[in-house]
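Novice: Chains as they are written, first to last, in full-length UniProt numbering: chain V, 1 to 208; chain D, 1 to 208.
Protein chains: 2
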Amino acid sequence: MGRTSDAGEKILAAGRSLFEARGYSALGVAEICKAAGVPKGSFYYFYASKEALALAVVDEHWADQRREWTRILSGVGKDGGDAGGAQPLDRLRKLFEETEAGQHAVQQGCGTVLGCLFGNLSLEMSNQTEAVRARLQEIFDAQVEMVAAVIGEARERGDVTVNDSREAARSVVAQLEGQVMFAKLYNNTGRLSPLWGNCLALLGARAA
Amino acid sequence: MGRTSDAGEKILAAGRSLFEARGYSALGVAEICKAAGVPKGSFYYFYASKEALALAVVDEHWADQRREWTRILSGVGKDGGDAGGAQPLDRLRKLFEETEAGQHAVQQGCGTVLGCLFGNLSLEMSNQTEAVRARLQEIFDAQVEMVAAVIGEARERGDVTVNDSREAARSVVAQLEGQVMFAKLYNNTGRLSPLWGNCLALLGARAA
């Protein structure tokens, strides 16, 4: 990954790091520019508003996360090779394992579990700005579709007993967000360990 | 319920309404005092800081909610009479039904689903102030204990198959928080309707 070389990229990187750690409302443009090491005057050259920066941060974060989810749910390992998880439920399990590992890595790095940027902003901001609300809805809709597709595969194989893949996917993603909330509140990624068992239960998995 | 009659109570009521609707960081003391209809100078006579007010708001909200949860989970109806739900799982179902009805009533009143104050503040603030984090942990611990006690009763009757009532209660409360998040994001209390079926699945209920 190359170094950010211009002010716009530095502002985006600082915004991403600060919004993830401290939310939206607690931050001002001046503080973001200070963290980015750019003069405050340059902010509005790149972003019309703090909200516009938040949308850009959300888009970049989702582009990264969607790439990861796509990789995991299609059974590709981190090294690009086959992860040995060709079966749908194995791929879904991998999603939770990598989520837990990701939250743990962040905690190791900065001392605290930061949770899910999209969940954080959903609860802080969805009543405040319709643009952010709409973007976050699109992202969670897309997450649900990705999970629903894998559940659909598992249904075809007879591995799970749920009737409605999309409805089941919503419940699985909600369980994920709820447990991530508690991992953050208790600063304990161990809170994520029941995720897989709960997912099997929610899906009515044969193996459960 | 009597009218608030002094400045301290007015500040508490305004804080509760504003924190619930807009979170913590977006608000300033001046705005809270304006909404309360009291001079800004009087704020610090009652509260040492905005954080102190937030803790008082959280405490009052939890006192109300704990009273409700206690009533529901002990099988008492809103009118104080027997709710006709003597069985443990019936009481747990009632908790979700009344949660959904409560969110719906708020939405009817103010036009938008406000979600769970404790969940909102957990994601916005738990990394920001240790005092609020500790208080929210205590509240969710207490919620889990209340739900675990009912699950324990259901286990004794053989109604559910989970082995660990507390672990199961954590997953049930996490599912509740996750679905409430989506009810808020999509401004749609219909998102809460899968809660009971999901709870039965998470508990390995015989009826599921």
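The C-beta atom is built at its ideal place from N, Cα and C for all residues, glycine as well.
Does the beta carbon of GLU51 (chain V) come closer than 8 Å to any beta carbon on chain D?
Specialist: Taking the first residue of the first sequence as 1, we reach residue 51 (chain V) at position 51. By this cut-off, GLU51 (chain V) is not an interface position.
Novice: Quick check: the stretch 56 to 74 of chain D against the stretch 12 to 24 of chain D, are there 3 or more CB pairs under 8 Å?
Specialist: Because the criterion of three Cβ pairs below 8 Å is met, the stretch 56 to 74 of chain D and the stretch 12 to 24 of chain D touch.
Novice: Use the C-beta contact count for PRO194 (chain V): other C-beta atoms within 10 angstroms, 16 or more gives buried, fewer gives exposed.
Specialist: In the first sequence, counting from the first residue as 1, residue 194 (chain V) sits at position 194. Buried, because 16 or more other Cβ atoms sit within 10 Å of the Cβ of PRO194 (chain V).
Novice: Roughly how many angstroms lie between the CA atoms of ARG133 (chain V) and GLY77 (chain D), to the nearest whole one?
Specialist: Taking the first sequence and counting its residues from 1, one reaches residue 133 (chain V) at position 133. Taking the second sequence and counting its residues from 1, one reaches residue 77 (chain D) at position 77. Approximately 36 Å between the Cα atoms of the pair.
Novice: Quick test of your reading: TYR47 (chain V) and ILE72 (chain V), contact by CB under 8 Å. State the CB separation rounded to the nearest angstrom.
Specialist: Numbered from 1 along the first sequence, position 47 holds the residue referred to as residue 47 (chain V). Numbered from 1 along the first sequence, position 72 holds the residue referred to as residue 72 (chain V). Actually they do not touch by this definition, with Cβ atoms about 32 Å apart.
Novice: Using the Cα positions of ALA131 (chain V) and LEU89 (chain D), report the straight-line distance between them to the nearest angstrom.
Specialist: The count along the first sequence starts at 1 and reaches residue 131 (chain V) at position 131. The count along the second sequence starts at 1 and reaches residue 89 (chain D) at position 89. Rounded to whole angstroms, ALA131 (chain V) to LEU89 (chain D) spans 40 Å at the Cα level.
Novice: Since ILE151 (chain D) contacts ALA174 (chain D) with CB under 8 Å, what's their CB separation in whole angstroms?
Specialist: Stepping through the second sequence from its first residue, residue 151 (chain D) is reached at position 151. Stepping through the second sequence from its first residue, residue 174 (chain D) is reached at position 174. Their Cβ separation, rounded to whole angstroms, is 14 Å, which puts ILE151 (chain D) and ALA174 (chain D) out of contact at 8 Å.
Novice: Would the beta-carbon of ALA183 (chain V) fall within 8 Å of that of LEU192 (chain V)?
Specialist: Taking the first residue of the first sequence as 1, we reach residue 183 (chain V) at position 183. Taking the first residue of the first sequence as 1, we reach residue 192 (chain V) at position 192. In contact: ALA183 (chain V) and LEU192 (chain V) (Cβ atoms closer than 8 Å).
Novice: Excluding sequence positions up to five away, which residues of its chain have a Cβ less than 8 Å from the Cβ of GLU31 (chain D)?
Specialist: In the second sequence, residue 31 (chain D) corresponds to position 31, counting from 1. Here the set comprises LEU18.
Novice: Should LYS94 (chain D) go down as buried or exposed, given a rule of 16 or more other Cβ atoms within 10 Å for buried?
Specialist: For the purposes of this step, residue 94 (chain D) is identified with residue 94 of the second sequence, where counting begins at 1. Buried, because 16 or more other Cβ atoms sit within 10 Å of the Cβ of LYS94 (chain D).
Novice: Can you list, in chain order, the residues of the stretch 161 to 178 of chain D whose Cβ is nearer than 8 Å to any Cβ on chain V?
Specialist: Under the 8 Å Cβ criterion, the stretch 161 to 178 of chain D contributes GLU167, ARG170, SER171, VAL173, ALA174, GLN175, LEU176, GLU177 and GLY178.
Novice: Report the rounded CA-to-CA distance for THR161 (chain V) versus ALA154 (chain V), giving the unit in angstroms.
Specialist: To locate residue 161 (chain V), count along the first sequence from 1; it is residue 161. To locate residue 154 (chain V), count along the first sequence from 1; it is residue 154. Those two C-alpha atoms are separated by around 9 Å.
Novice: Any idea what DSSP makes of VAL76 (chain V), helix, strand or coil?
Specialist: Position 76 of the first sequence, counting from 1, holds the residue named residue 76 (chain V). VAL76 (chain V): strand per DSSP, three-state reduction.
Novice: Please state whether the Cβ-Cβ distance between VAL180 (chain V) and CYS116 (chain V) is less than 8 Å.
Specialist: One-based indexing of the first sequence puts residue 180 (chain V) at position 180. One-based indexing of the first sequence puts residue 116 (chain V) at position 116. Yes, these two residues count as a Cβ contact at 8 Å.
Novice: Nearest CA to the CA of MET125 (chain D): which residue from V:LEU203, V:ASN163 and V:ASN120?
Specialist: On the second sequence, residue 125 (chain D) is found 125 positions in, with the first residue counted as 1. Of the listed residues, the one whose Cα sits closest to MET125 (chain D) is V:ASN120.
Novice: Starting from GLN107 (chain V), follow the alpha helix (DSSP H) in both directions and report where the run begins and ends.
Specialist: Looking up residue 107 (chain V) in the first sequence gives position 107. That run of the alpha helix (DSSP H) goes 88 to 110.
Novice: Going by C-alpha to C-alpha distance, which of V:LYS50, V:MET146 and V:TYR186 sits closest to GLN65 (chain V)?
Specialist: Along the first sequence, one-based indexing puts residue 65 (chain V) at 65. Measuring from the Cα of GLN65 (chain V), the nearest candidate turns out to be V:MET146.
Novice: Could you name the residues of the stretch 129 to 159 of chain D whose beta carbon sits closer than 8 Å to any beta carbon of chain V, in the order they occur along the chain?
Specialist: Under the 8 Å Cβ criterion, the stretch 129 to 159 of chain D contributes ARG133, LEU136, GLN137 and PHE140.
Novice: Who are the near neighbours of MET1 (chain D) in its chain, counting only those whose CB is closer than 6 Å to its CB and skipping five residues on each side?
Specialist: Taking the second sequence and counting its residues from 1, one reaches residue 1 (chain D) at position 1. At MET1 (chain D), the pLDDT of 38 sits below 50, so the modelled position is not reliable; the number obtained from the coordinates is stated separately. Excluding sequence neighbours, MET1 (chain D) sits near nothing in its chain.
Novice: Does ALA205 (chain D) come out as helix, strand or coil in the three-state DSSP assignment?
Specialist: Taking the first residue of the second sequence as position 1, residue 205 (chain D) is located at position 205. Residue state, collapsed to three classes: strand.
Novice: Would DSSP call ASP82 (chain V) helix, strand or coil?
Specialist: In the first sequence, the residue the question calls residue 82 (chain V) occupies position 82. ASP82 (chain V): strand per DSSP, three-state reduction.
Novice: Quick check: the Cα distance between VAL101 (chain V) and LEU123 (chain D), rounded to an integer number of angstroms?
Specialist: The residue labelled residue 101 (chain V) in the question sits at position 101 within the first sequence. The residue labelled residue 123 (chain D) in the question sits at position 123 within the second sequence. Sequence inspection shows Ala at residue 101 (chain V); the Val mentioned does not correspond to that position. Cα-Cα distance, rounded: 20 Å.
Novice: Taking 7 Å as the line, does the beta carbon of GLU100 (chain D) fall inside it for any heavy atom of the ligand FAD?
Specialist: With respect to the ligand FAD, the structure offers nothing, as it holds no ligand at all.
Novice: Using a threshold of 8 Å, state whether the C-beta atoms of LEU202 (chain V) and ALA148 (chain D) are closer than that.
Specialist: In the first sequence, counting from the first residue as 1, residue 202 (chain V) sits at position 202. In the second sequence, counting from the first residue as 1, residue 148 (chain D) sits at position 148. Contact flag unset, no.
Novice: When you compare only the Cα positions, how much space is there between PHE96 (chain V) and LEU136 (chain V)?
Specialist: Within the first sequence, numbered from 1, the residue matching residue 96 (chain V) stands at position 96. Within the first sequence, numbered from 1, the residue matching residue 136 (chain V) stands at position 136. Taking the straight line joining both Cα atoms gives about 20 Å.
Novice: On the DSSP letters alone, give me the boundaries of the alpha helix (DSSP H) that ASN188 (chain D) sits inside.
Specialist: For the purposes of this step, residue 188 (chain D) is taken as the residue at position 188 of the second sequence. ASN188 (chain D) -> no alpha helix (DSSP H), and no H or E assigned at all.
Novice: Can you list the residues of chain D that PHE19 (chain V) reaches, using a CB-CB cut of under 7 Å?
Specialist: By 1-based counting over the first sequence, the position of residue 19 (chain V) is 19. Simply none; closest approach about 12 Å.
Novice: For GLU9 (chain V), which of V:GLY23, V:ALA56 and V:GLU51 has the nearest alpha-carbon?
Specialist: By 1-based counting over the first sequence, the position of residue 9 (chain V) is 9. Of the candidates V:GLY23, V:ALA56 and V:GLU51, the one whose C-alpha sits nearest the C-alpha of GLU9 (chain V) is V:ALA56.
Novice: Please report whether the beta-carbon of ARG3 (chain D) lies at a distance below 8 Å from any beta-carbon of chain V.
Specialist: Walking along the second sequence from the start, residue 3 (chain D) turns up at place 3. Bear in mind that a pLDDT of 44 at ARG3 (chain D), under 50, signals an unreliable position, so the number given afterwards is only what the model happens to contain. By this cut-off, ARG3 (chain D) is not an interface position.
Novice: Can you tell me where the alpha helix (DSSP H) with VAL150 (chain D) in it begins and where it stops?
Specialist: Numbered from its first residue, the second sequence carries residue 150 (chain D) at position 150. From DSSP, the alpha helix (DSSP H) with VAL150 (chain D) extends over 130 to 156.
Novice: In the structure shown, what three-state DSSP assignment does VAL113 (chain D) receive?
Specialist: The residue you call residue 113 (chain D) lines up with position 113 of the second sequence. The answer is coil: DSSP assigns VAL113 (chain D) none of H, G, I, E or B.
Novice: Which of helix, strand or coil does DSSP assign to VAL160 (chain D)?
Specialist: For the purposes of this step, residue 160 (chain D) is taken as the residue at position 160 of the second sequence. If DSSP states are grouped into helix, strand and coil, VAL160 (chain D) belongs with the strands.
Novice: Count the other CB atoms within 10 Å of the CB of TYR45 (chain D); is the residue buried (16 or more) or exposed (fewer)?
Specialist: Stepping through the second sequence from its first residue, residue 45 (chain D) is reached at position 45. Flag for TYR45 (chain D) reads exposed.
Novice: Using DSSP with H/G/I as helix, E/B as strand and the rest coil, what is SER171 (chain D)?
Specialist: Position 171 of the second sequence, counting from 1, holds the residue named residue 171 (chain D). Helix, per DSSP.
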